[in-house]
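S.K.: Just so we're aligned: the sequence shown equals residues 1 to 318 in the UniProt record's numbering.
Ideal Cβ positions, reconstructed from N, Cα and C, are used throughout, including at glycine.
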Amino acid sequence: MRAVVTGGAGFIGSHLCERLLATDHSVLCVDNLVTSSEDTIAHLMDDPRFRFECRDVTAGLSVSGPVDAVFHLASPASPADYLRLPLETLRVGSAGTWHALDLAADKGARFLLTSTSESYGDPQVHPQPESYWGHVNPVGPRAVYDEAKRFGEALTTAYRRERGVDAKIVRIFNTFGPRMRPDDGRAIPTFIRQALRGEPITVTGDGSQTRSLCYVDDLVDGLMRMIGSSHGGPVNLGNPHEITMLELAQWISKLSESPSEIVLVPRPQDDPGKRRPAIALARELLDWNPTTPVEHGLRETIKDFRRRIDFDDFGTTP
Ligand code: NAD
Numbered sequence: 001m002r003a004v005v006t007g008g009a010g011f012i013g014s015h016l017c018e019r020l021l022a023t024d025h026s027v028l029c030v031d032n033l034v035t036s037s038e039d040t041i042a043h044l045m046d047d048p049r050f051r052f053e054c055r056d057v058t059a060g061l062s063v064s065g066p067v068d069a070v071f072h073l074a075s076p077a078s079p080a081d082y083l084r085l086p087l088e089t090l091r092v093g094s095a096g097t098w099h100a101l102d103l104a105a106d107k108g109a110r111f112l113l114t115s116t117s118e119s120y121g122d123p124q125v126h127p128q129p130e131s132y133w134g135h136v137n138p139v140g141p142r143a144v145y146d147e148a149k150r151f152g153e154a155l156t157t158a159y160r161r162e163r164g165v166d167a168k169i170v171r172i173f174n175t176f177g178p179r180m181r182p183d184d185g186r187a188i189p190t191f192i193r194q195a196l197r198g199e200p201i202t203v204t205g206d207g208s209q210t211r212s213l214c215y216v217d218d219l220v221d222g223l224m225r226m227i228g229s230s231h232g233g234p235v236n237l238g239n240p241h242e243i244t245m246l247e248l249a250q251w252i253s254k255l256s257e258s259p260s261e262i263v264l265v266p267r268p269q270d271d272p273g274k275r276r277p278a279i280a281l282a283r284e285l286l287d288w289n290p291t292t293p294v295e296h297g298l299r300e301t302i303k304d305f306r307r308r309i310d311f312d313d314f315g316t317t318p
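Set out below in structure tokens:
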């Protein structure tokens with residue numbers, strides 16, 4: 001199989017490229033590095049089956065030769081990134097998704113959209129099954145991401161219905177692991193960076209808001225199963241094990257043997273209070289289940305961050 005991975009130099013994309021190569025596929029990674037750097041894929045560059053093109057997918061996505069699968073991951077993903085890049089986020093979610101779908105249609109390739117739990121907004125239903133339509137503020141600051149992804153879902157569904165593209169949607173819940181950008185503003189990288197530097201660990205609100213945390217290896221396994229399946233989705237991919245942000249901070253502090261104190265800071269607007277996937281559909285359709293214990297994932301991530309502290313002192317802001 002020859003796969004195109006948009007956003008392939010990002011956190012999840014780099015793990016996906018690695019998995020595709022490990023399972024004997026060739027990969028064209030297309031990324032404009034707006035929220036990443038080539039460091040994440042440096043170890044893949046010598047593989048003759050891997051090619052990287054630094055391109056903005058909103059400018060079009062023509063590719064020569066056959067393509068069997070298009071994985072569309074390109075999009076700023078962390079709140080800090082999409083709030084800094086609101087128009088770029090809307091553009092890649094709309095025009096970028098359009099171009100990626102056109103590529104799949106032209107090549108007769110399968111297509112996978114990586115949508116998000118943020119499609120559910122600040123949910124009024126808990127946990128969130130795929131049948132829940134969500135609770136999104138269309139003019140709030142987070143709308144640039146939530147609504148771009150919701151548009152992408154509508155577009156993907158229309159291509160499936162109208163143009164017969166074998167297009168699929170997964171809704172990814174919070175995923176973590178090695179190669180996250182320490183300054184991307186998400187809770188786990190922020191807490192680990194603060195813990196390793198001995199700085200106060202900043203928990204927003206009263207820390208009672210919850211997230212469910214899926215290790216990246218499990219998530220990539222779900223992406224591979226989805227692209228190989230006959231289902232269109234949307235299918236939730238995430239770990240239903242839910243913890244509060246305060247518990248997470250305490251866990252990271254303990255695992256990294258940090259002297260840092262935990263402090264409470266104001267919570268951002270529209271920050272969802274609860275987040276937990278219902279994954280019955282993924283279990284049923286894909287026989288998928290996250291199997292990596294969160295503690296193991298946190299240890300691996302802390303190890304990776306420690307290594308990078310030694311080498312570049314976190315100088316990775318693009
Ligand atoms: P990331 O920021 O690490 O990776 C996204 C990549 O997309 C980056 O390499 C960035 O440079 C690239 N990109 C952005 N705009 C582009 C454009 N116009 N042209 C080409 N490349 C572009 O984020 P991630 O965490 O790896 O997320 C990957 C995908 O998964 C995103 O679509 C995100 O919405 C989705 N997702 C992630 C999570 C999570 O917990 N990490 C949760 C839900 C959904």
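Is it the case that the CB of N32 approaches a heavy atom of the ligand COA more closely than 7 Å?
M.R.: This structure lacks the ligand COA; the ligands present are the ligand NAD.
S.K.: Our contact map puts T291 next to F176 with C-beta atoms below 8 Å; I'd like the distance itself, whole angstroms only.
M.R.: Position 291 of the sequence shown, counted from the first residue, corresponds to residue 291. Position 176 of the sequence shown, counted from the first residue, corresponds to residue 176. No, T291 and F176 are not in contact; Cβ-Cβ is about 15 Å, not under 8 Å.
S.K.: Does the beta-carbon distance from S26 to G10 come in below 8 Å?
M.R.: As a first step, residue 26 is located in the sequence shown; it is residue number 26 there, counting from the start. As a first step, residue 10 is located in the sequence shown; it is residue number 10 there, counting from the start. No, Cβ-Cβ distance for S26 and G10 is not below 8 Å.
S.K.: What whole-angstrom Cβ distance do V5 and L61 have, given they're in contact under 8 Å?
M.R.: Taking the first residue of the sequence shown as 1, we reach residue 5 at position 5. Taking the first residue of the sequence shown as 1, we reach residue 61 at position 61. In fact, because the Cβ distance is near 12 Å, the residues do not count as touching under 8 Å.
S.K.: Can you give me the Cβ contacts of A278 inside the same chain, cut-off strictly under 8 Å, excluding the 5 residues immediately before and after it?
M.R.: Stepping through the sequence shown from its first residue, residue 278 is reached at position 278. Excluding positions up to five away in sequence, the list reads P127, Q128, P129, E130, N236 and P240.
S.K.: Given this structure, state the Cα-to-Cα distance separating Q250 from M1, to the nearest angstrom.
M.R.: For the purposes of this step, residue 250 is identified with residue 250 of the sequence shown, where counting begins at 1. For the purposes of this step, residue 1 is identified with residue 1 of the sequence shown, where counting begins at 1. For Q250 and M1, the distance between alpha carbons rounds to 44 Å.
S.K.: Starting from the C-beta of L286, find all residues in its chain whose C-beta is less than 8 Å away, skip the five residues before and the five after it, and write them out in chain order.
M.R.: In the sequence shown, counting from the first residue as 1, residue 286 sits at position 286. Once the five neighbours on either side are set aside, the close Cβ partners of L286 are G222, R225, M226, S229, H231 and V235.
S.K.: For E98 versus L21, is the C-beta distance shorter than 8 Å?
M.R.: As a working mapping, residue 98 is identified with position 98 in the sequence shown. As a working mapping, residue 21 is identified with position 21 in the sequence shown. Checking the sequence, you will find Trp at residue 98 rather than Glu. No, Cβ-Cβ distance for W98 and L21 is not below 8 Å.
S.K.: Give the C-beta separation of N137 and G238 to the nearest angstrom, bearing in mind that I take them to be a contact with Cβ-Cβ under 8 Å.
M.R.: Here residue 137 is taken as the residue at index 137 of the sequence shown, counted from 1. Here residue 238 is taken as the residue at index 238 of the sequence shown, counted from 1. Going by Cβ atoms, the distance from N137 to G238 rounds to 22 Å, so no, they are not a contact pair.
S.K.: How long is the line joining the alpha carbons of R84 and D24, rounded to whole angstroms?
M.R.: Translated into the one-based positions of the sequence shown, residue 84 becomes position 84. Translated into the one-based positions of the sequence shown, residue 24 becomes position 24. C-alpha separation (whole angstroms): 37 Å.
S.K.: Do you know offhand how far A158's Cα is from F151's?
M.R.: For the purposes of this step, residue 158 is taken as residue 158 along the sequence shown, with counting starting at 1. For the purposes of this step, residue 151 is taken as residue 151 along the sequence shown, with counting starting at 1. Using only the alpha carbons, I get a separation of about 10 Å.
S.K.: What's the C-alpha gap between S115 and E147?
M.R.: In the sequence shown, counting from the first residue as 1, residue 115 sits at position 115. In the sequence shown, counting from the first residue as 1, residue 147 sits at position 147. Cα to Cα, S115 sits roughly 11 Å from E147.
S.K.: Counting C-beta neighbours from all protein chains within 10 Å, is the total for N289 16 or more, i.e. buried, or is it exposed?
M.R.: The residue you call residue 289 lines up with position 289 of the sequence shown. N289 comes out exposed.
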